[in-house]
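Printed below as a string of C-alpha cells:
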C-alpha cells in the first residue's frame, strides 16, 4: 500500500481546534487559595487535568509556591483514584 501525503486543503478539512476548545483556558496561571477547589471529587476530569498541568508548570518555575507540590500530588491522586474506580490501572 502506497502512502500519499495529504495536500493542504485536505488537512484543513479537519477542525482540530474545536476538539479541546475550552479545556485548557486557565493553563499556566498561578493558582491562588481561592482558586484551588477544596473538593476535587466534584470536578470533571478535564478540569483536573488542567489543574495538574498548571501546577506542573508552576513547579517548574524558579520560585514555585510552597503548596504547589502538595496540590499537584492531591490532583494526581484524584485522577488515579478515578482510573482505579473505572477498572483502568
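Numbering (the numbering used here), first residue to last: 32 to 120.
Note that CB positions come from ideal geometry on N, CA and C, so glycine has one too.
Proximity of residue i and residue j at Cβ, strictly below 9 Å
i           : j           : result
residue 103 : residue 79  : no
residue 69  : residue 106 : no
residue 81  : residue 113 : no
Under the three-state DSSP convention, the category residue i falls into
i           : result
residue 87  : helix
residue 58  : Model confidence at residue 58 stands at a pLDDT of 47, short of 50, so the residue's coordinates are unreliable and nothing is read from them.
residue 69  : coil
residue 109 : helix
Burial state of residue i, where buried means 16 or more other Cβ atoms lie within 10 Å
i           : result
residue 101 : exposed
residue 111 : exposed
residue 89  : buried
Sequence-distant residues of the same chain with beta carbon closer than 6 Å to residue i, five excluded per side
i          : result
residue 71 : 109
residue 95 : 89
Close Cβ partners of residue i (< 7 Å) along its chain, the five nearest in sequence each way excluded
i          : result
residue 67 : 102
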